[in-house]
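Notes follow the structure.
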Amino acid sequence: MTIEQIRVSSEWLDLREPADAAARSRDLVEHVRRRLPAAGRLVIHDLASGSGSMGRWLAPLLPGRQHWVMHDRDADLLEVAAANPPGPAADGAPVVVETRLSDITQLRPDDLAGAALITASALLDLITDDELAGLVDLCAAVGCPALLTLSVAGRVDLTPADSLDRCLAAAFDAHQRRMTARGHLLGPDAVAAAAERFRRLGADVVVRPSPWRLGAADADLAAEWLAGWLDAACEQRAELAAGVDAYAARRLAQARAGQLAVTVHHADLLVLP
Ligand SMILES: C[S@@+](CC[C@H](N)C(=O)[O-])C[C@H]1O[C@@H](n2cnc3c(N)ncnc32)[C@H](O)[C@@H]1O
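Per numbering that gives the first Met the number 0, residue 0 is the first one in the sequence shown, and the count goes up by one each step.
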């Protein structure tokens, strides 16, 4: 099994859900609201929905009846999504969830027929440029707005600073861009690549920052994020492993003491055809 096929755990998605919700751009939601049809049920397709966090965040911010179709290749995560549907719409209208076991790289425009909006969250940096090209063509063929949130930007700020931060961050970014059986993953290049591809097709693209800002109240998430960050960095550059245990101990002690601030920079992208 190649690393990119490792499953995302629902515990991890659960832990990050409040930080994701706080980070996604509300400004882009206002743009979306202005572009949605004024009447009738909205059909919204969420690509790589995982356990449904995007729907739980966005559905209550949009008015009107909504039918969310959540696509993921992980049946267990879809089960969690179905069991935890979003609350009602902004105006109290009902929101319904349908789950579909899908490989989002294989979707055809017919699968998304009638969509008023396509969404995705924490997806673009996990795919290859070829897969992105397919996704851009899919969105263009469907012809509705697409809100693609929380792609990593390749920048992390840790306070207080540590002499190992920079080389760990560089190794992590290289890991995000690593070669896989499917090709190089886009990692921190995803937003620029997606914006360019959509603009080439004549779409308007609006990009907004959506950083996680983790402080004393987010020690559990910061610790879990840190563990994953270090694992990836050491997998990419094995020689870093020697210093990493002491670094991890320092950072975890700071996190537990509420003395570590972490900003993980992401970007959200709204595509208006
Ligand atoms: C980082 S998680 C994000 C989940 C969710 N969008 C969220 O924000 O909580 C990435 C998700 O992409 C899904 N995924 C990755 N590649 C996929 C593919 N080709 N087809 C369908 N789902 C995919 C994974 O199963 C996982 O649920």
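The beta-carbon is built from N, C-alpha and C at its ideal position, and this holds for glycine as well. None of these values were measured; they are calculated from a predicted model.
Inset, instruction - Tell me, to the nearest whole angstrom, how far the beta carbon of THR127 is from that of GLY182; I am working on the premise that it is less than 8 angstroms. - result: Contact flag correct, Cβ pair sits at about 4 angstroms.
Inset, instruction - Please say whether SER209 and TRP265 have beta carbons closer to each other than 7 angstroms? - result: As written in the sequence, residue 265 is His, which differs from the Trp given in the question. Contact check for HIS265 against SER209 passes: the beta carbons are separated by less than 7 angstroms.
Inset, instruction - Kindly indicate the opening and closing residues of the alpha helix (DSSP H) around GLU223. - result: Judged by DSSP secondary structure, GLU223 falls within the alpha helix (DSSP H) whose first and last residues are 218-235.
Legend entry - Proximity test, ILE103 beta-carbon vs ligand 1 heavy atom, cut-off 6 angstroms: Checking every heavy atom of ligand 1 against the Cβ of ILE103, one is found closer than 6 angstroms.
Legend entry - Host alpha helix (DSSP H) of GLU29 (start-end): Note, GLU29: alpha helix (DSSP H), 25-34.
Inset, instruction - Between the Cα of LEU163 and those of ARG249, ALA115 and ALA89, spot the shortest distance and give me the residue it belongs to. - result: It is ARG249.
Inset, instruction - Can you say whether ASP45 is buried or exposed, counting buried as having 16 or more other CB atoms within 10 angstroms of its CB? - result: By the 10 Å Cβ count, ASP45 comes out buried.
Inset, instruction - Leaving out five residues on either side along the sequence, give the residues of the same chain with a beta carbon under 7 angstroms from the beta carbon of GLY113. - result: Correct list, in chain order: VAL42.
Legend entry - Straight-line Cα distance separating ASP188 from ALA21: Rounded to the nearest angstrom, the two C-alpha atoms are 23 angstroms apart.
Legend entry - ALA80 beta carbon near ligand 1 (any heavy atom closer than 6 angstroms): Incorrect: ALA80 has no Cβ contact closer than 6 angstroms to ligand 1.
Inset, instruction - Please list, in chain order, all residues of the same chain as THR158 whose beta carbon is under 7 angstroms from its beta carbon, the five residues on each side excluded. - result: Correct list, in chain order: ALA260.
Inset, instruction - May I ask you to check if the CB of ARG177 is nearer than 6 angstroms to at least one heavy atom of ligand 1? - result: Incorrect: ARG177 has no Cβ contact closer than 6 angstroms to ligand 1.
Legend entry - is_contact[ARG154, chain D] using C-beta, thresh 7 angstroms: Of the protein chains in the structure, only one exists, and it is not chain D.
Legend entry - Cβ-Cβ distance between LEU123 and ALA193 below 7 angstroms: Cβ atoms of LEU123 and ALA193: closer than 7 angstroms.
Inset, instruction - With a threshold of 6 angstroms, establish whether the CB of ALA47 neighbours any heavy atom of ligand 1. - result: The answer is yes for ALA47.
Inset, instruction - Classify LEU60 as helix, strand or coil using the three-state DSSP reduction. - result: In the three-state DSSP reduction, LEU60 falls in the helix class (H, G or I).
Legend entry - Per-residue burial, ALA275 [other beta carbons within 10 Å of its own, 16 or more giving buried]: Here the chain covers residues 0 to 272 and nothing more, so residue 275 does not appear.
Legend entry - Within 7 angstroms, strictly: CB atoms of LEU269 and VAL205: It is a contact, given that the beta carbons lie within the stated cut-off.
Inset, instruction - With SER9 as the anchor, note down where its alpha helix (DSSP H) starts and where it stops. - result: Counting along the chain, the alpha helix (DSSP H) containing SER9 begins and ends at 9-22.
Inset, instruction - From the DSSP output, in three-state form, read off SER101 for me. - result: The answer is coil: DSSP assigns SER101 none of H, G, I, E or B.
Legend entry - Distance CB(ASP26)-CB(ARG207) smaller than 7 angstroms: Between ASP26 and ARG207, the gap from beta carbon to beta carbon is short of 7 angstroms.
Legend entry - PHE197 beta carbon less than 7 angstroms from that of VAL263: Not in contact: VAL263 and PHE197 (Cβ atoms no closer than 7 angstroms).
Legend entry - Reduced DSSP category for GLN258 - H, G, I as helix; E, B as strand; rest coil: Look at GLN258 here: in three-state DSSP terms it is coil, with no helix or strand label.
Legend entry - Distance cut-off 6 angstroms: LEU123 Cβ against heavy atoms of ligand 1: Not one heavy atom of ligand 1 sits closer than 6 angstroms to the Cβ of LEU123.
Legend entry - Per DSSP, the bridge partner or partners of GLY182: For GLY182, the beta-bridge partners assigned by DSSP are THR179.
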